[in-house]
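A.B. asks: Structure in structure tokens, see below.
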Amino acid sequence: MQPALLLDTRDAAANPAPEAPRAAPCAAPGADGFRVGRGEIHAHHGEIVQGMFYSSDGTVEHGLVTLPCTLFRTGVRFRPLRSGPLTVEPGDRSRAKAAARLTLAALGRTGWGGAIRIESNVPVQWGCGSSTTDVLATIRAVADAFGAVLEPEWVAGLAVAAETASDSLMFGPGRAVLFAQRRGRVLLDLGGPLPAVRVLGFNTEGECGVATLTLPPVPYTAWEIEAYRPILGLLRRAVERQDAALLGRVATASTLIMQRHRPKRHMSELLRLAREAGALGVQVAHSGTVAGFLFAPGAGADAGIERARDGLGRLGVPASWEFSTGPAPHPEDPS
Amino acid sequence: MSGRVIHANYVDAIALPRVVWLRPNLIGLAFPLMKLLPARFIVRRALEEGELRPGGLIAETTSGTFGLALAMVARLGGHPLTLVSDPAIDAPLKRRLEDLGATVHIVREPGPTGGFQQARLAILERVLAENPGSFCPRQYGNPHNPGSYAPCAEQLAHAAGAIDCLIGTVGSGGSVCGISSYLRLIFPELEVIGVDTHRSVLFGQSDAGSGRLLRGLGNSLMPPNVDHAAFDLVHWVGAAEAFLATRRLHRDHALFMGPTSGAAYLVADGWARENPDRLGAVIFPDEGYRYQDTVYDDAWLEAKGVRLDVLPRGPVEWEHPHDGDDPWAFFRWGRRSYAEVMDRPGASLKLVQA
Numbered sequence: 006m007q008p009a010l011l012l013d014t015r016d017a018a019a020n021p022a023p024e025a026p027r028a029a030p031c032a033a034p035g036a037d038g039f040r041v042g043r044g045e046i047h048a049h050h051g052e053i054v055q056g057m058f059y060s061s062d063g064t065v066e067h068g069l070v071t072l073p074c075t076l077f078r079t080g081v082r083f084r085p086l087r088s089g090p091l092t093v094e095p096g097d098r099s100r101a102k103a104a105a106r107l108t109l110a111a112l113g114r115t116g117w118g119g120a121i122r123i124e125s126n127v128p129v130q131w132g133c134g135s136s137t138t139d140v141l142a143t144i145r146a147v148a149d150a151f152g153a154v155l156e157p158e159w160v161a162g163l164a165v166a167a168e169t170a171s172d173s174l175m176f177g178p179g180r181a182v183l184f185a186q187r188r189g190r191v192l193l194d195l196g197g198p199l200p201a202v203r204v205l206g207f208n209t210e211g212e213c214g215v216a217t218l219t220l221p222p223v224p225y226t227a228w229e230i231e232a233y234r235p236i237l238g239l240l241r242r243a244v245e246r247q248d249a250a251l252l253g254r255v256a257t258a259s260t261l262i263m264q265r266h267r268p269k270r271h272m273s274e275l276l277r278l279a280r281e282a283g284a285l286g287v288q289v290a291h292s293g294t295v296a297g298f299l300f301a302p303g304a305g306a307d308a309g310i311e312r313a314r315d316g317l318g319r320l321g322v323p324a325s326w327e328f329s330t331g332p333a334p335h336p337e338d339p340s
Numbered sequence: 082m083s084g085r086v087i088h089a090n091y092v093d094a095i096a097l098p099r100v101v102w103l104r105p106n107l108i109g110l111a112f113p114l115m116k117l118l119p120a121r122f123i124v125r126r127a128l129e130e131g132e133l134r135p136g137g138l139i140a141e142t143t144s145g146t147f148g149l150a151l152a153m154v155a156r157l158g159g160h161p162l163t164l165v166s167d168p169a170i171d172a173p174l175k176r177r178l179e180d181l182g183a184t185v186h187i188v189r190e191p192g193p194t195g196g197f198q199q200a201r202l203a204i205l206e207r208v209l210a211e212n213p214g215s216f217c218p219r220q221y222g223n224p225h226n227p228g229s230y231a232p233c234a235e236q237l238a239h240a241a242g243a244i245d246c247l248i249g250t251v252g253s254g255g256s257v258c259g260i261s262s263y264l265r266l267i268f269p270e271l272e273v274i275g276v277d278t279h280r281s282v283l284f285g286q287s288d289a290g291s292g293r294l295l296r297g298l299g300n301s302l303m304p305p306n307v308d309h310a311a312f313d314l315v316h317w318v319g320a321a322e323a324f325l326a327t328r329r330l331h332r333d334h335a336l337f338m339g340p341t342s343g344a345a346y347l348v349a350d351g352w353a354r355e356n357p358d359r360l361g362a363v364i365f366p367d368e369g370y371r372y373q374d375t376v377y378d379d380a381w382l383e384a385k386g387v388r389l390d391v392l393p394r395g396p397v398e399w400e401h402p403h404d405g406d407d408p409w410a411f412f413r414w415g416r417r418s419y420a421e422v423m424d425r426p427g428a429s430l431k432l433v434q435a
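Protein sequence lines, in the order shown, are assigned to chains A and B. Under the numbering used here, the first residue of the first sequence is numbered 6, with each subsequent residue one higher. Under the numbering used here, the first residue of the second sequence is numbered 82, with each subsequent residue one higher.
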């Protein structure tokens, strides 16, 4: 499916004020009506799969499917000003500021300023999409200030323009998509949410992270690029049948390919531990440091999760956390 | 894959198999012409990697379906094609290849060792040397042959989810080794059963003696693309058993396929009966049209001593892939290399059963 707006990042850098697309609903309360806008979004816990995928026209694109995570969230308040500077708090979130500027321009509010305030508990540089949550919550807050609700495809274009690569969080957990993170477009709508799983998460590098936006693209081999085809075939099956076990296999396969390029510490021990604990699979942040054992939903996985937690401790992984995906509550568009 | 798609060309439209239930636990992958997958992928990669120029000559040695697939791909891509073949090529196929614009060289005498295939290779080398800039797909050694089967693995994973066993005939090492290499990334425990025939060197027999009546599987030379360590089990199926099973596949399932499909079906059907709680998939590489005057002709079968009313006996387990003559036999290969198996003649593998 085609997004409502495609923004090439190079064009956006040269001309950071894209025209407001006709498709963008700009229903302001009054002629110049505005209010304090709010935007909120949950982060993700790395990916179920990340690799290279054939698009419908036969070209090969970088793409990913993220694992939604309700433990981490970012909230943004935006107080618009008809004229004046655009400020962001904390001051180092320049991508959120760029996103606000792009959104204002797209809403026909070029020249407006305002104050962006970001509150987030998303760990930085762990591969949980902290930068993307800043950007997306900001876009939502700016739109909310003018009573606008933006289509996810359109938000994706703005997000990629603001930060060069973006995750697919704008689509929310109810709609799993294979997302071309460098182009900001959906390669494949999987037609439903990912099957529900329990996740035991941890950071393979202790408390450290990596600068995810500056990582060079992975040099996938010809065999690996082809190997993402059956992985995607199985993911489609997993979503269509809501089969958590198949989702686990998809995650492990993608983890194994990424391990050849960006190795994570203790991976062979982690894979063995996951097997012994009855996990369905192992997922990682392909550009980050978090990883997770996927378990079947429900109390049946309690013993396995406990066993995995103990095993992680023995491997020297200092902390782990648990969350569930599926029909869990998720912040809706602030409308 | 989807019926809504209008394909760019006929090769794309028929490259993937029809996926059919044969039993509650057995899926058939019925290819109109399986070799389209490697032919299309090898040519595409050669163009991308600069080994083949647009419009450049392609030359290959083949007497079978790879030549036909290559002729279709070459024609659609605007490449002249030279094929070196032996007298086993049938006249209708030769006419079809030539109608697609291919030049077909027929080698009349087998080589002193390696049979016709060695002789064909010698001619091929001459054609390549005489035509600078020409490209040879080399299906027996080109890694893009097994590499081309990812779309089939994708289709199977999407349609069936986790499967337990893949069964297919082995000739170039492309289909079974290729599909299983991709499937094992998502199903590491996948069992792989290769189907060979007597007097083929692939799994340790010798090609001495009279030629193989059953064509399209087995080989007189060892293709580098055969990854022996992929196989859990190897079966040897004789011509009569394969022909009979080909007709059963047609009579029981209306699947009009060639004799290599029959050989694979014989083994797969046996596996499915013995493993009712597991799910298998079997590869059928081509259709029956080329064999209407042979396998599908009762008089021809009778002349070869094949009776349609006699069921083949179950397979005999061999302790070693020696030159046995049981019409249907199997050996527990155990995912070992060729050297690991053949350097220990007589070594029993009963322990694999445990």
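Heads up, the beta-carbon is just placed ideally off N, CA and C, and yes, glycines get one too.
How is residue 190(B) classed by DSSP in three states: helix, strand or coil?
C.D. replies: Against the second sequence, residue 190(B) aligns to sequence position 109. Here residue 190(B) sits in coil by DSSP.
A.B. asks: Rounded to the nearest angstrom, what separates residue 123(A) and residue 91(A) at their Cα positions?
C.D. replies: Your numbering for residue 123(A) matches position 118 in the first sequence. Your numbering for residue 91(A) matches position 86 in the first sequence. Using only the alpha carbons, I get a separation of about 14 Å.
A.B. asks: Would a check of beta-carbon distances place residue 56(A) closer than 9 Å to chain B?
C.D. replies: Start at 1 with the first residue of the first sequence, and residue 56(A) comes out as number 51. Taking Cβ atoms only, chain B never reaches closer than 9 Å to residue 56(A), which makes this a no.
A.B. asks: Going along chain A in order, which residues have a C-beta closer than 8 Å to the C-beta of residue 236(B)?
C.D. replies: For the purposes of this step, residue 236(B) is taken as the residue at position 155 of the second sequence. The contacting residues are 238.
A.B. asks: From residue 270(B) to residue 417(B), what distance separates their C-alpha atoms?
C.D. replies: In the second sequence, residue 270(B) corresponds to position 189, counting from 1. In the second sequence, residue 417(B) corresponds to position 336, counting from 1. In a straight line, the C-alpha of residue 270(B) is about 15 Å away from that of residue 417(B).
A.B. asks: Is the CB of residue 224(B) under 9 Å away from at least one CB in chain A?
C.D. replies: Counting from 1 along the second sequence, the entry for residue 224(B) is found at position 143. Yes, residue 224(B) counts as interfacial toward chain A.
A.B. asks: Given a cut-off of 9 Å, decide if residue 414(B) and residue 395(B) are closer than it, judged by their beta-carbon atoms.
C.D. replies: To locate residue 395(B), count along the second sequence from 1; it is residue 314. To locate residue 414(B), count along the second sequence from 1; it is residue 333. Result no, Cβ atoms of residue 395(B) and residue 414(B) do not sit closer than 9 Å.
A.B. asks: Taking CB distances under 9 Å as the criterion, tell me whether residue 108(B) reaches chain A.
C.D. replies: Start at 1 with the first residue of the second sequence, and residue 108(B) comes out as number 27. Closer than 9 Å: no.
A.B. asks: Between the alpha carbons of residue 161(B) and residue 220(B), how many angstroms are there, rounded?
C.D. replies: Here residue 161(B) corresponds to residue number 80 of the second sequence, with the count starting at 1. Here residue 220(B) corresponds to residue number 139 of the second sequence, with the count starting at 1. Using only the alpha carbons, I get a separation of about 18 Å.
A.B. asks: On the criterion of 16 or more Cβ atoms from any shown chain inside 10 Å, does residue 102(B) qualify as buried, or is it exposed?
C.D. replies: Working through the second sequence from its first residue, we reach residue 102(B) at position 21. Exposed is the call here.
A.B. asks: With a floor of 3 residues, list each beta strand (DSSP E) that falls wholly inside the segment 96 to 160 of chain A, ordered by position along the chain.
C.D. replies: Listed in chain order, the complete beta strand (DSSP E) runs (minimum 3 residues) inside the segment 96 to 160 of chain A are 118 to 125.
A.B. asks: By the 9 Å beta-carbon criterion, what residues does the segment 217 to 233 of chain A contribute toward chain B?
C.D. replies: Result list: 227, 228, 230, 231, 232 and 233.
A.B. asks: Using a Cβ-Cβ cut-off of 9 Å, state whether residue 277(A) counts as contacting chain B.
C.D. replies: Counted from its first residue, the first sequence places residue 277(A) at position 272. Judged by the 9 Å Cβ criterion, residue 277(A) is not in contact with chain B.
A.B. asks: Straight-line CA distance for residue 107(A) to residue 101(A)?
C.D. replies: Taking the first sequence and counting its residues from 1, the one referred to as residue 107(A) is at position 102. Taking the first sequence and counting its residues from 1, the one referred to as residue 101(A) is at position 96. So the alpha carbons of these two residues sit roughly 10 Å apart.
A.B. asks: Could you tell me which chain A residues have their CB closer than 7 Å to the CB of residue 232(B), listed as they occur along the chain?
C.D. replies: In the second sequence, residue 232(B) corresponds to position 151, counting from 1. Residues of chain A passing the Cβ test: 234.
A.B. asks: Compute the Euclidean distance between the alpha carbons of residue 90(B) and residue 134(B), then round it to the nearest angstrom.
C.D. replies: For this step, residue 90(B) is matched to residue 9 along the second sequence. For this step, residue 134(B) is matched to residue 53 along the second sequence. Computed Cα separation, rounded: 21 Å.
A.B. asks: Ordered along the chain, which non-local residues of its own chain (more than five positions away) have a Cβ less than 8 Å from that of residue 238(B)?
C.D. replies: Working through the second sequence from its first residue, we reach residue 238(B) at position 157. These residues qualify, in order along the chain: 264 and 267.
A.B. asks: Determine the burial state of residue 49(A): buried for a count of at least 16 other Cβ atoms within 10 Å of its Cβ, exposed for fewer.
C.D. replies: Residue mapping note: residue 49(A) aligns to position 44 of the first sequence, counting from 1. So residue 49(A) ends up on the buried side.
A.B. asks: Quick one: Cα of residue 169(A) to Cα of residue 67(A), how far?
C.D. replies: By 1-based counting over the first sequence, the position of residue 169(A) is 164. By 1-based counting over the first sequence, the position of residue 67(A) is 62. Those two C-alpha atoms are separated by around 13 Å.
A.B. asks: Are the beta-carbon atoms of residue 183(B) and residue 200(B) separated by less than 9 Å?
C.D. replies: In the second sequence, counting from the first residue as 1, residue 183(B) sits at position 102. In the second sequence, counting from the first residue as 1, residue 200(B) sits at position 119. The answer is no: Cβ separation not under 9 Å.
A.B. asks: Roughly how many whole angstroms lie between the Cα atoms of residue 331(A) and residue 248(A)?
C.D. replies: Indexing the first sequence from 1 puts residue 331(A) at position 326. Indexing the first sequence from 1 puts residue 248(A) at position 243. Using only the alpha carbons, I get a separation of about 12 Å.
A.B. asks: Tell me which residues share the same chain as residue 310(B) and place their Cβ nearer than 7 Å to its Cβ, disregarding the 5 neighbours each side in the sequence.
C.D. replies: Taking the second sequence and counting its residues from 1, the one referred to as residue 310(B) is at position 229. Answer for residue 310(B): 416, 417 and 418, listed in chain order.
A.B. asks: Please list, in chain order, the chain B residues whose beta carbon lies closer than 8 Å to that of residue 261(A).
C.D. replies: The count along the first sequence starts at 1 and reaches residue 261(A) at position 256. In chain order: 266.
A.B. asks: So, using beta-carbon positions, are residue 361(B) and residue 107(B) closer together than 9 Å?
C.D. replies: The sequence position of residue 361(B) within the second sequence is 280, counting from 1. The sequence position of residue 107(B) within the second sequence is 26, counting from 1. Yes, these two residues count as a Cβ contact at 9 Å.
A.B. asks: Would DSSP call residue 295(B) helix, strand or coil?
C.D. replies: Locating residue 295(B) in the second sequence gives position 214, where the first residue counts as 1. In this structure, residue 295(B) counts as coil in the three-state DSSP scheme.
A.B. asks: Give me the subset of the segment 251 to 263 of chain B whose CB atoms are less than 7 Å from a CB atom of chain C, sorted by chain position.
C.D. replies: Of the protein chains in the structure, A and B, none is chain C.
A.B. asks: Helix, strand or coil for residue 248(B), going by three-state DSSP, please let me know.
C.D. replies: Looking up residue 248(B) in the second sequence gives position 167. Residue 248(B) falls in the strand class under three-state DSSP.
A.B. asks: Please work out which residues of its chain come closer than 6 Å, Cβ to Cβ, to residue 180(A), disregarding the five sequence neighbours upstream and downstream, and give them in chain order.
C.D. replies: Taking the first residue of the first sequence as 1, we reach residue 180(A) at position 175. Nothing meets the Cβ criterion.
A.B. asks: Is any beta-carbon of chain B found at less than 9 Å from that of residue 241(A)?
C.D. replies: Position 236 of the first sequence, counted from the first residue, corresponds to residue 241(A). Cβ-Cβ to chain B under 9 Å: yes for residue 241(A).
A.B. asks: Using a Cβ cut-off of 9 Å, which residues of the segment 283 to 299 of chain A contact any Cβ in chain B, in chain order?
C.D. replies: Those residues of the segment 283 to 299 of chain A that come within reach of chain B (Cβ to Cβ, closer than 9 Å) do not exist; the list is empty.
A.B. asks: Could you list the residues in the segment 242 to 259 of chain A with a C-beta less than 9 Å from some C-beta on chain B, going in chain order?
C.D. replies: Listed by position, the residues of the segment 242 to 259 of chain A near chain B (Cβ gap below 9 Å) are 242, 243, 245, 246, 248, 250, 251, 254, 255, 257 and 258.
A.B. asks: At 4 residues or longer, what runs of the alpha helix (DSSP H) sit wholly inside the segment 154 to 197 of chain A?
C.D. replies: 157 to 168, all fully within the segment 154 to 197 of chain A.
A.B. asks: Listing by chain order, which chain A residues have their CB less than 8 Å from the CB of residue 88(B)?
C.D. replies: On the second sequence, residue 88(B) is found 7 positions in, with the first residue counted as 1. Within 8 Å Cβ-Cβ: nothing; residue 88(B) doesn't reach chain A, min ~11 Å.
A.B. asks: How far does the alpha helix (DSSP H) with residue 202(A) in it extend, from its first residue to its last?
C.D. replies: Here residue 202(A) corresponds to residue number 197 of the first sequence, with the count starting at 1. It is not in any alpha helix (DSSP H) - residue 202(A) carries neither H nor E in the DSSP assignment.
A.B. asks: What would DSSP say about residue 201(B), mapped onto helix, strand or coil?
C.D. replies: Position 120 of the second sequence holds residue 201(B). It is helical.
A.B. asks: Given a threshold of 16 other Cβ atoms within 10 Å of its Cβ, counted over all protein chains shown, does residue 27(A) qualify as buried or as exposed?
C.D. replies: By one-based count along the first sequence, residue 27(A) stands at place 22. With a pLDDT of 37 at residue 27(A), under the threshold of 50, the predicted position of this residue should be treated as unreliable, and no value is reported.
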